[in-house]
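Visitor:
Residue numbers (the numbering used here), protein chains in the order written: chain X, 22 to 683; chain D, 533 to 688.
1) DSSP three-state label for residue 342 of chain X, please.
2) Is residue 31 of chain X close to chain D, meaning its C-beta is less than 7 Å from at least one C-beta of that chain?
3) Might you give, ordered along the chain, the residues of its own chain that have their beta carbon closer than 6 Å to the beta carbon of residue 578 of chain D, omitting 5 neighbours on each side?
4) Using 7 Å as the threshold, is the C-beta distance between residue 74 of chain X and residue 31 of chain X below it?
5) Skipping 5 residues on each side, what residues in its chain have a beta carbon closer than 7 Å to that of residue 486 of chain X?
6) Hey, would you say residue 576 of chain X sits closer than 7 Å to residue 586 of chain X, going by beta carbons?
7) Using DSSP with H/G/I as helix, E/B as strand and the rest coil, what is residue 29 of chain X?
8) Taking the beta carbon of residue 625 of chain X as the centre, do at least 16 other beta carbons fall within 10 Å, making it buried, or is it exposed?
9) Pair every Cβ in the region 208-218 of chain X with every Cβ in the region 139-152 of chain X, then say whether three or more of these pairs are closer than 8 Å.
10) Please tell me whether residue 148 of chain X and residue 46 of chain X are closer than 7 Å, where the distance is taken between their beta carbons.
11) DSSP three-state label for residue 626 of chain X, please.
12) Who are residue 605 of chain X's beta bridge partners in DSSP?
13) Thinking residue 233 of chain X and residue 660 of chain X are a contact (beta carbons under 8 Å), I'd like their distance in whole angstroms, please.
14) Which full runs of the alpha helix (DSSP H) of 4+ residues lie inside the region 173-232 of chain X, going along the chain?
15) Classify residue 482 of chain X: buried if its beta carbon has 16 or more other beta carbons within 10 angstroms, exposed otherwise.
16) For the alpha helix (DSSP H) containing residue 295 of chain X, list its first residue and its last residue.
17) Which full runs of the alpha helix (DSSP H) of 4+ residues lie inside the region 68-110 of chain X, going along the chain?
18) Counting C-beta neighbours from all protein chains within 10 Å, is the total for residue 593 of chain X 16 or more, i.e. buried, or is it exposed?
19) Output the distance between the C-alpha atoms of residue 112 of chain X and residue 95 of chain X, rounded to the nearest integer angstrom.
20) Suppose contacts are defined by Cβ-Cβ distances below 7 Å. Is residue 607 of chain X in contact with residue 621 of chain X by that definition?
21) What residue range does the beta strand (DSSP E) around residue 469 of chain X cover?
22) Can you list, in chain order, the residues of its chain whose CB lies under 6 Å from that of residue 49 of chain X, leaving out five sequence neighbours each side?
23) In angstroms with no decimal places, state the Cα-to-Cα distance between residue 571 of chain D and residue 557 of chain X.
24) Which of the residues in the region 620-635 of chain D, read from start to end, lie with their CB under 8 Å from any CB of chain X?
25) For residue 504 of chain X, which residues in the same chain have their Cβ closer than 6 Å to its Cβ, ignoring the five residues on either side in sequence?
26) How about residue 403 of chain X: is its C-beta nearer than 7 Å to some C-beta of chain D?
27) Can you tell me whether residue 237 of chain X is buried or exposed, with buried defined as 16 or more other CB within 10 angstroms of its CB?
28) What whole-angstrom Cβ distance do residue 415 of chain X and residue 385 of chain X have, given they're in contact under 8 Å?
29) Buried or exposed: which applies to residue 103 of chain X, given that a residue is buried once 16 or more other Cβ atoms fall within 10 Å of its Cβ?
30) Whose CA, out of X:658, X:635, X:615, lies closest to the CA of residue 642 of chain X?
31) Could you tell me which residues DSSP pairs with residue 552 of chain X in its beta bridges?
32) Could you check what DSSP says for residue 547 of chain D in three-state terms: helix, strand or coil?
33) Under a CB-based cut-off of 7 Å, is residue 656 of chain D close to chain X?
34) For a contact defined as C-beta to C-beta under 7 Å, what are the partners of residue 263 of chain X on chain D?
35) Kindly give me the distance between the Cβ atoms of residue 567 of chain X and residue 183 of chain X, rounded to whole angstroms, as I take these residues to be in contact under 8 Å.
36) Write down the C-beta distance between residue 563 of chain D and residue 544 of chain X rounded to the nearest angstrom, noting that I regard them as a contact closer than 8 Å.
Written out as structure tokens, the structure reads:
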């Protein structure tokens, strides 16, 4: 009964979404306020209904209701409660439900907090957003219904997918979905602007924080996926250019570009048409990512063609929304007035450069990801592979010039900048980078020219970001106390940008250092044997088995020593899951020293007690993910800037308006 | 001791552990040749896997290929000869970095086209705007209103 309530709630949500997709926009066209006023209530109702459906599904998982097909297929009573809950979105149907839940949540937020938005714009935006909701709700209800019952409920569920029983993988999809779906808001704003044929100040003020929020979650989500792959797959790699990874990376690149072009629009009212296009492209890439991951097309075009109903449905959604919005753009873009003008050397110019490289990078990843599929679809056989060697080769030259330009951007003035003055203020950063390059060449030898250059770029980014802050606070030009006071008085968004750029530098540093000076030892060991990794002695002590409720751990135990001093014990394990014989997961043994890590993973153990061991020393590797965290903190700080807090300034209660500090 | 033996037996009995990617017994003694082999195997696709190179893959065929490629290297092949040999045997699909050909033309030129095309577009737009340089055009309606205002005799 409760399960059916969830199903009905979902159907009702689709009906409400349909109403939300029609009435407010009709009202906006006719100037009918009553119809427009439907939008926020419909958005909130739709969210509550999908929330009920989601809660019902979650309840079925928690109580292991095996009369529900989805629970039978994807759960098991032996699962720990946490993984029963996260299992709700660990499968196709549940994850799509989570997708629409987040979509509806964003709609409800616009509805609830968009009081200062022009009513017409708000109504149109919520209608456009409801179109997306209707499509995906229809998709779920017709092809991926999670509430289907089974006639003869079994006593036990089928699945305990070992890979999904990991906290990293459990919270990775919701983070990514919040990022993907967050882009739908800027998309809805863009389409609304095209329909209305005008963009005003409220538009830019709204789009930027939403994009920033979506970008923030994408950043953390991607970083978490990367760290999960690092510790779980046992290869010690952090990025594999896998199509699934790429489908989250493309929206990230586009959202990063959008974030920067939205700044230009907000501050200078320029790049309007481009920003609208970018908002459309960003969400299109999010939809594409959903399609690639959810349709099964990645495994093979062939499997996709064999059971196509789901894939074709999402493909149709994709074509309608991307094609429709681009067509709308082609017809209506000219109606949007052009904004302010600027010289090539200016803050705007720098941000255009940023957009140029980021979009080219996104296009490269897009074509590289889809190419094998397209070739297979056209020629009928698999004849082209596009993998890490290709992406590394073409991506690096696209990113290096961008990274070199990053510190200049914030130091150039709007409208017309002075490159020479900016360069002068970056002398410290340049000097530091040069010292870094020379140090690497001296210490590591001239074989490592590329690495030295990479380290130089990282230092350039980090010191360059700090230089900008220092120059705004006028350190060195004024007494220290004055500079500190100026620093404290800077808006949070200034610190946000500095942190974000600094984070990029940290990530680059981590990537360059950990790949260049990565030390790898692959060896067969017997208990008592010692190997040297990263200047430390690693001794295999022995083996042990530990049983938990749903898996059995086979643990290899090591002791790590520095000379005679015992540093710590390291355990690396393989987990065997009772319900799925043959499937195993590995847990690497990792010890962190500063920002570097010693990484041990194990392979086969022979009858004679010989264990294959793979041990790595990865210098500064944690900076890869810490950099992403710093970027996200920067985003958060910028988001909390009062200038952006929920749109335009509210009328002050005290009767006077406080001017924002600029 | 009995516990250890029992544990060991369980370990082995359950065919424990993912078979590794590169195994110690495959590796060449000469570190220079071995490094070449590792670099090459990172460029070759494991044909039965989703998206792994043979360097990362645990599949049987990946192991066979790793051994085969090391045999070729020991036999004195250059990197290019090894790749040619494997492509002749398994087809272009094995290369994770496809060769430049008619089929892969678009793939290879995309980055350059996107960057150059985008630059031209951006420069042209900025130039045109800077030359035109007068901000937003007035609509026909606004023109008419402006004309009416200008034509109106100043009222006292």
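Even for Gly, the Cβ is constructed at its ideal location relative to N, Cα and C.
Guide: Let me lay it out:
1) In the three-state reduction of the DSSP assignment, residue 342 of chain X falls in the helix class, which pools H, G and I.
2) no
3) 584, 586, 589, 591, 594
4) Yes. Within cutoff.
5) 428, 519, 522, 523, 526
6) no
7) helix
8) buried
9) yes
10) yes
11) Looking at residue 626 of chain X - three-state DSSP - the assignment turns out to be strand.
12) X:597
13) 5 Å
14) Residue ranges of uninterrupted alpha helix (DSSP H) with 4 or more members, entirely inside the region 173-232 of chain X and ordered along the chain, are 188-217.
15) buried
16) 293-316
17) 90-95, 102-107
18) Its Cβ being crowded by 16 or more others within 10 Å, residue 593 of chain X is buried.
19) 7 Å
20) Contact: no.
21) In the DSSP assignment, residue 469 of chain X falls outside any beta strand (DSSP E), carrying neither H nor E.
22) 57, 141, 144, 145
23) One C-alpha to the other measures close to 26 Å.
24) Shown in chain order are the members of the region 620-635 of chain D whose Cβ falls below 8 Å from a Cβ of chain X: 623, 624, 625, 626, 627, 628, 629, 630, 635.
25) 494, 495, 496
26) yes
27) buried
28) 6 Å
29) exposed
30) Comparing C-alpha distances from residue 642 of chain X to each of X:658, X:635, X:615 shows the shortest one belongs to X:615.
31) X:559
32) Reliability of the predicted coordinates at residue 547 of chain D is poor, the pLDDT of 37 falling under 50, and no value is obtained from them.
33) So no, residue 656 of chain D is outside the interface.
34) 583
35) Not a contact, Cβ separation roughly 15 Å.
36) The pair is not a contact, with the Cβ atoms about 14 Å apart (cut-off 8 Å).
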